[in-house]
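Protein chains in written order, with my numbering: chain A, 510 to 841; chain B, -19 to 458; chain C, 21 to 100.
The C-beta atom is built at its ideal place from N, Cα and C for all residues, glycine as well.
Some notes on the structure that comes next.
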Amino acid sequence: MRLVEKIKEKEIQIFLAKAFVFLAILVILDFLIGSILEYFYFKQESGLLYRTTYSLDSTHADFLVLGSSTANHHYDSKIFEKRLGMSTYNTGREANTIFYNYSIFQSVLKRYKPKIALLDFNVEEFKVSSDNYDRIASLLPYYKSHPEVHSIIQLKSPYEKYKLLSKIYPFNSLLFTIAIGTTDFNKSREQVNDENGYIPLTHVWQKNISIEANTVDYEVDSNKVNILKSFIEECKNAGIQLYIIISPRFIKYFGNDLSVELVRKIANKSDIPFYDYSKDTLFWKHREYFADKVHLNNTGAIIFSNKVIDTILQSKEYRRIRDENNLSIKIK
Amino acid sequence: MLFNSIIYFLFLGSSLLLYYIIPTKFRNYFLLIISGLFYMYVKVEYIFLILFIISINYLIGIKIEKAHDKKWQIFFLYLSVFVNVGILIFFKYWNFLLKNFFDFLGLIHLNNTDNIPLIAEVVLPIGLSYYIFQTIGYMIDIHRGSIKAEKNFAQFSLFTLFFPKLLVGPIERANHFLPQIKRNIHFDKQNITEGAKRIAWGLFKKLVVADRISIYHSTVIASSESQSGSTLLFASVLYTFQVYADFSGYTDIALGTAKMFGFDLMENFKRPLLAKNVSDFWRRWHISLSSWVNDYIFNPIVLKNRDWGIWGVFYGLIISFVVIGIWHGAAWNYVLFGLLQAFAIMYEFITRKTRKRISKKIHPVIYDQASVLLTFLFVTFSLIIFQSGTLSEAINIIKGIFLNHGDLFYDKPSTLLFMLIGCGIMLIVDIQAEFGRFKFSLFSNKNWIVQQVSYALLLIYILLAGVFDGGQFIYFSF
Amino acid sequence: MDENTILKKVNSIFIEVLDDQSILLNEYTKAEDVEAWDSLNHIQMITAIEKHFKIRFELNELLNFTNVGDLCRGILKKLN
Chain A
510 MRLVEKIKEK EIQIFLAKAF VFLAILVILD FLIGSILEYF YFKQESGLLY
560 RTTYSLDSTH ADFLVLGSST ANHHYDSKIF EKRLGMSTYN TGREANTIFY
610 NYSIFQSVLK RYKPKIALLD FNVEEFKVSS DNYDRIASLL PYYKSHPEVH
660 SIIQLKSPYE KYKLLSKIYP FNSLLFTIAI GTTDFNKSRE QVNDENGYIP
710 LTHVWQKNIS IEANTVDYEV DSNKVNILKS FIEECKNAGI QLYIIISPRF
760 IKYFGNDLSV ELVRKIANKS DIPFYDYSKD TLFWKHREYF ADKVHLNNTG
810 AIIFSNKVID TILQSKEYRR IRDENNLSIK IK
Chain B
-19 MLFNSIIYFL FLGSSLLLYY IIPTKFRNYF LLIISGLFYM YVKVEYIFLI
31 LFIISINYLI GIKIEKAHDK KWQIFFLYLS VFVNVGILIF FKYWNFLLKN
81 FFDFLGLIHL NNTDNIPLIA EVVLPIGLSY YIFQTIGYMI DIHRGSIKAE
131 KNFAQFSLFT LFFPKLLVGP IERANHFLPQ IKRNIHFDKQ NITEGAKRIA
181 WGLFKKLVVA DRISIYHSTV IASSESQSGS TLLFASVLYT FQVYADFSGY
231 TDIALGTAKM FGFDLMENFK RPLLAKNVSD FWRRWHISLS SWVNDYIFNP
281 IVLKNRDWGI WGVFYGLIIS FVVIGIWHGA AWNYVLFGLL QAFAIMYEFI
331 TRKTRKRISK KIHPVIYDQA SVLLTFLFVT FSLIIFQSGT LSEAINIIKG
381 IFLNHGDLFY DKPSTLLFML IGCGIMLIVD IQAEFGRFKF SLFSNKNWIV
431 QQVSYALLLI YILLAGVFDG GQFIYFSF
Chain C
21 MDENTILKKV NSIFIEVLDD QSILLNEYTK AEDVEAWDSL NHIQMITAIE
71 KHFKIRFELN ELLNFTNVGD LCRGILKKLN
């Protein structure tokens, strides 16, 4: 039977009509449920999702810490505020890399200009990893309202634009986090941390220091390198003083890491102060400062924060800022 | 091309459209072409291998049938088995066999060089195990006289190449699938809707249940020395659900796809987690493989050695389940896995009368539920060995379950909720299919609006709870 | 001997081996239709049948039996 004749058949017409009804039901449900999720997502008053929203939309801190879990757990904002006399917020978020940091920075730039930005950089940060791209998902809920992060989100996959047609998609896997976040149990959580962004770890690492060889050669992700370069450039243009810091680790490395060497070169070329604490022997001697091989616990973070502040205070860049601004305490 | 990828659905949609537009008599050729393209998308070179296998077996199949002499019949049968098994061994087991052979030589001090001629990077073509077994079955069927050799080369090629079953089976039978290839396929809206529903369930099982549990399970296993016994047990139990959801979900997508093109492939799973004993389990799990082994290995061995009585059965069981074990891969833990199944069934044979006696003394519901639970625990235990890379790893996990103290590990309540709700839904659907307990049904409701809303909600839940990329993670360091 | 007599005899052999008086076979009965008919019983029944009728089946014949009717016809063939 020819196709045209087939379509005229009533059965096919009913079939197509029912298929259309199904699609309509799907779109309506997606819109309704997605809208509910969006509403409650942005109503969060504490917790991880709240802190991300706060970093993008609300913070006006003069001193901004950016990075992944190492940033999040290593830099105690309160100490920075006290000693530097600048309002401080820690935007670090676990498992999120330069893609996330750069996006936060873009949104911040649209609202105000911090005086100092501290980027916590990791060993192997530039290594090609598809997981890093997948985690750009943290930014999906902000796609609609933050056009400045579109370029990063598009890096996630070529289909992202189409997936975002679904209102539910940005909130994939967040259903229970959002739901729990609206209950009273959640509202009673420590809000101090959310005001600072800094999350202390309490565990104490029990194992001995590990000895590892740096993977000499791995593929470097040019996207990440270029984003870092843009980041540096934009800081300069906006008059923001950038510091790049590598946190201590409870690992003795043989050889040098490709990413660390590369970022050192870039920083030196652009005259950005760069401090590498990954081989700092002070920390190697104190297991009790660490929660695990790559993260400091609260004790360690306090010591490290103070150490970093000492370094910053002695840097020529800081003296210039201090003189230019006649700093006074501005804590929210 | 992964079944849960966007490109697969683009491929599926466009293929279906073209398939029903082109004239009926060209449809098989169309299927042949897109199946070939599908396989080449995975890796271009694969098409040459599969065409070689198809051609050789096509010719030998006809030769077996035409041979007048019984001697020649057997010769050609052995030739085809030799070629097929040879190819399988080359790609799958060569390195394993060589390494173990040289280890053995080393043990008796005959090995004095370190140069093992390993074939570096022999990558196993995806699907090879499935279609080699299918082809061997075809050959044996011709030899037994239960089917006729397929003279139509295009149809015989489609029998092997048909893309829905190409990568993960089911292992089809000639008498089940070849007749379907010979029909004229007409558009039937039932096929489209039934197929689409099946695919939806497959996606649910794979994305919402299997891939979600996988994140938790792999994190726990990677740090198993630091995990508590309760965590290890919990992860192992979840792993059983994971493997079931993963494999049966993928199979659902395969069967649903085939259905949309008008084909009925063999059922591969029949609510295996509700099995009452290990023999029953293997009649419900990976049915196309276990029935293949039953028809082409177990029965012949047992009947040939029927004078041995129960020892013939035991011998058949061991051979059969070792084959099933190593079918999964070239490693000793798969052999052990197979042996475990064989011993369990041997135990069931021996204790048959005793267990029947016990069952009569206990309330049937309690006895049945206890049976299901015990069988489930045995399967979970077997899977610990199945998924461990080495025997010592498996032993450590089992030791850990009994000896390690501590609380249940989870990074946040949301993780537990996603996993448990996913398993719960899957279990409820299976229980309903098995026992038909609930009179009201959402997904088979007579009212088409109720059905549509239910399936829409299913897709919505997949959007909400499915794992779509590698971005999900659980942080565990201590 | 005719097929019916053979069927009756096979039935009694089944009853004895499976220890179940209620078994009533017809030519279409398959293994799945009879509870307790498993691989072990199967070979016990085949050997009992071979012993009773003083015949010996070929492997191929055994593998091609799909129901009780096939079995009886197989026995008949062997006897003639």
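{"Query": "Which chain A residues are close to TYR455(B), counting only those with a beta carbon under 8 Å from its beta carbon?", "Result": "SER578, GLU603, ALA604"}
{"Query": "Does the beta-carbon of GLN615(A) have 16 or more other beta-carbons within 10 angstroms, so that it is buried, or is it exposed?", "Result": "buried"}
{"Query": "Could you please give the first and the last residue of the uninterrupted beta strand (DSSP E) stretch that includes GLU721(A)?", "Result": "719 to 722"}
{"Query": "If we require 4 or more residues per run, which alpha helix (DSSP H) segments fall completely within the segment 197 to 272 of chain B?", "Result": "209 to 240, 258 to 262"}
{"Query": "Helix or strand or just coil, what does DSSP make of LYS839(A)?", "Result": "With a pLDDT of 43 at LYS839(A), under the threshold of 50, the modelled position of this residue cannot be trusted; read the value that follows with caution. If DSSP states are grouped into helix, strand and coil, LYS839(A) belongs with coil."}
{"Query": "Taking the straight line between their C-alpha atoms, what separation do you get for GLY309(B) and GLY318(B)?", "Result": "12 Å"}
{"Query": "How close, in whole Å, do the beta carbons of ILE233(B) and GLY305(B) come, if the pair is a contact with beta carbons under 8 Å?", "Result": "The pair is not a contact, with the Cβ atoms about 26 Å apart (cut-off 8 Å)."}
{"Query": "Which one of GLY117(B), TYR26(B), ILE195(B), PHE214(B) has the shortest CA to CA distance from LEU141(B)?", "Result": "TYR26(B)"}
{"Query": "Can you tell me the Cα-Cα spacing of GLU797(A) and LEU439(B), whole angstroms?", "Result": "49 Å"}
{"Query": "Does DSSP put GLN41(C) in a helix, in a strand, or in coil?", "Result": "coil"}
{"Query": "Quick check: the Cα distance between ILE161(B) and ASN8(B), rounded to an integer number of angstroms?", "Result": "7 Å"}
{"Query": "Take LYS239(B) and list the residues in its own chain whose beta-carbon comes closer than 7 Å to its own, dropping the five residues that flank it on each side.", "Result": "ASN171, GLU174, GLY175, ARG178"}
{"Query": "Give the residues from the segment 47 to 65 of chain C that approach chain B closer than 7 Å (Cβ to any Cβ), ordered along the chain.", "Result": "SER59, LEU60, ILE63"}
{"Query": "Straight-line CA distance for GLY543(A) to LYS716(A)?", "Result": "46 Å"}
{"Query": "Using a Cβ-Cβ distance cut-off of 9 Å, determine whether PHE241(B) contacts chain A.", "Result": "no"}
{"Query": "Buried or exposed: where does GLU205(B) fall if 16 or more other Cβ atoms within 10 Å of its Cβ makes it buried?", "Result": "exposed"}
{"Query": "For the alpha helix (DSSP H) that contains PHE81(B), what are its first and last residues?", "Result": "74 to 87"}
{"Query": "Using a Cβ-Cβ cutoff of less than 8 Å, which residues in the same chain neighbour ASP168(B) once the five nearest sequence positions on both sides are dropped?", "Result": "GLY242"}
{"Query": "Quick one: using the 10 Å Cβ neighbour count with 16 as the cut-off for buried, is GLY446(B) buried or exposed?", "Result": "buried"}
{"Query": "Going by the DSSP bridge assignment, what does ALA636(A) pair with across the sheet?", "Result": "Correcting the residue type first, residue 636(A) is Lys in the shown sequence and not Ala. Answer is VAL729(A), bridged to LYS636(A)."}
{"Query": "Residues in its own chain within less than 6 Å of VAL293(B) by CB, not counting five upstream and five downstream?", "Result": "VAL282"}
{"Query": "Grouping DSSP H, G and I as helix and E and B as strand, with all else coil, what is VAL574(A)?", "Result": "strand"}
{"Query": "Expressed to the nearest angstrom, what Euclidean distance is found between the alpha-carbon atoms of ILE40(B) and ASN274(B)?", "Result": "24 Å"}
{"Query": "Where in the segment 555 to 614 of chain A do unbroken runs of the alpha helix (DSSP H), each at least 4 residues long, occur, reported from the N-terminal end onward?", "Result": "557 to 562, 578 to 583, 586 to 593"}
{"Query": "How would you write the range of the beta strand (DSSP E) that ASP629(A) sits in, first residue to last?", "Result": "625 to 630"}
{"Query": "Give me the subset of the segment 70 to 91 of chain C whose CB atoms are less than 7 Å from a CB atom of chain B, sorted by chain position.", "Result": "LEU79, ASN80, LEU82, LEU83, ASN84"}
{"Query": "Below 8 Å on the Cβ atoms is my contact criterion, and I expect TYR230(B) with ALA215(B) to pass it. Report the Cβ-Cβ distance as a whole number of Å.", "Result": "With a Cβ gap of about 22 Å, TYR230(B) and ALA215(B) do not count as contacting."}
{"Query": "Please work out which residues of its chain come closer than 7 Å, Cβ to Cβ, to ILE661(A), disregarding the five sequence neighbours upstream and downstream, and give them in chain order.", "Result": "PHE608, TYR611, SER612, ILE645, LEU648"}
{"Query": "So GLN651(A) contacts chain B; which residues on that side make the cut at Cβ distance below 8 Å?", "Result": "Note that residue 651(A) is Tyr in the sequence shown, not Gln. Within chain B, no residue comes near TYR651(A); the closest Cβ sits about 15 Å away, beyond 8 Å."}
{"Query": "Kindly list, in the order they appear in chain A, the residues whose Cβ is closer than 7 Å to that of ILE202(B).", "Result": "The sequence shown places Ala at residue 202(B), rather than the Ile named in the question. In chain order: nothing, as chain A lies at least about 14 Å away."}
{"Query": "Using a C-beta to C-beta distance shorter than 9 Å, which residues of chain B count as neighbours of THR67(C)?", "Result": "ARG286, ASP287, GLY289"}
{"Query": "Can you give the Cα-Cα distance for ILE364(B) and VAL302(B), rounded to whole angstroms?", "Result": "17 Å"}
{"Query": "Using a Cβ-Cβ cutoff of less than 7 Å, which residues in the same chain neighbour GLY399(B) once the five nearest sequence positions on both sides are dropped?", "Result": "With the sequence shown as reference, residue 399(B) is identified as Met, and Gly is not the correct amino acid for it. Contacts found: ARG192, ILE193, TYR196, LEU218."}
{"Query": "Answer with yes or no whether the minimum CB distance from GLY229(B) to chain A is below 9 Å.", "Result": "no"}
{"Query": "For LEU683(A), does the three-state DSSP call read helix, strand or coil?", "Result": "coil"}
{"Query": "Out of PHE415(B), PHE227(B), ILE201(B), state which residue places its alpha-carbon closest to the alpha-carbon of ILE378(B).", "Result": "ILE201(B)"}
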